[in-house]
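**Student:**
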Amino acid sequence: MRIYIPVAPQDLAADAVNAKLVFALTPKLLELADEIGYNESEAEELAATYAAQASAEFDENAAIGRRIVLAASTEEAKLRNLDKEGYASAETDLSLPWKKIDAILMDLPGVETLVKRLHEADEDAWDELAELSLAWFDPSERTALQTELGLN
């Protein structure tokens, strides 16, 4: 099962990613997707969007004005409390080495103000950012992304 993990910038420098709250194709999300006529691929994009919006809640992400999400795969059995924290949410205690991370998703420059507004609970910013897809990066690019974010 594909999961989307909202992370802070410093997580890009960690040896492993400790995932607590993740987003995935949960029953509630699949029901919503069906109601609005989304296929499974579009529903998965929606899960990534919820993870991205959750990442904007981190003070560190608001400070740099970027949403950051990691995509990985896991067994559904390792997830619990599906949809407890809202659509697509799940809890877990995974510690994932970088070789288990499939992709890094991050905003490109230019959305900093929107991310800061979202962090401050601006609903208009939520709507605007929900329309923007995150750029996908290979995990091998994380050092370059750290440099871009001023972490090196």
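The sequence shown begins at 328 in the working numbering and counts up one residue at a time.
From the three backbone atoms N, C-alpha and C, an ideal C-beta is built for every residue, glycine too.
#1: Give me whichever residues DSSP pairs with E418 in a beta bridge.
#2: Buried or exposed: where does L435 fall if 16 or more other Cβ atoms within 10 Å of its Cβ makes it buried?
#3: A335 and D420: beta carbons closer than 9 Å?
#4: Would you please state the rounded distance, in angstroms, between the beta carbons of I363 and F350? I believe it to be under 8 Å.
#5: The alpha helix (DSSP H) that contains L432, what's its start and end?
#6: So, A399 versus N408, is the Cβ gap smaller than 9 Å?
#7: Are there 16 or more other CB atoms within 10 angstroms of the CB of N366, so buried, or fewer, so exposed?
#8: In three-state terms, what does DSSP make of S467?
#9: Assuming A457 and T376 are in contact, meaning their beta carbons sit under 8 Å apart, how far apart are those beta carbons, in whole angstroms?
**Tutor:** Quick answer:
#1: For the purposes of this step, residue 418 is identified with residue 91 of the sequence shown, where counting begins at 1. The partner list for E418 (beta bridge, DSSP) reads L348 and R407.
#2: Along the sequence shown, one-based indexing puts residue 435 at 108. By the 10 Å Cβ count, L435 comes out exposed.
#3: One-based indexing of the sequence shown puts residue 335 at position 8. One-based indexing of the sequence shown puts residue 420 at position 93. Contact: no.
#4: As a working note, residue 363 is residue 36 in the sequence shown. As a working note, residue 350 is residue 23 in the sequence shown. About 17 Å separates the two Cβ atoms, so there is no contact after all.
#5: For the purposes of this step, residue 432 is taken as the residue at position 105 of the sequence shown. Careful: L432 lies outside any alpha helix (DSSP H), inside the beta strand (DSSP E) at I428 to M433.
#6: As a position in the sequence shown, residue 399 is number 72, starting the count at 1. As a position in the sequence shown, residue 408 is number 81, starting the count at 1. No, they are not a contact pair.
#7: The residue you call residue 366 lines up with position 39 of the sequence shown. By the neighbour-count rule (16 or more Cβ atoms within 10 Å), N366 is not buried but exposed.
#8: What you label residue 467 is simply residue 140 of the sequence shown in a count that begins at 1. Annotated three-state conformation of S467 is helix, per DSSP.
#9: The residue given as residue 457 occupies position 130 in the sequence shown. The residue given as residue 376 occupies position 49 in the sequence shown. Correct: roughly 5 Å between the Cβ atoms.
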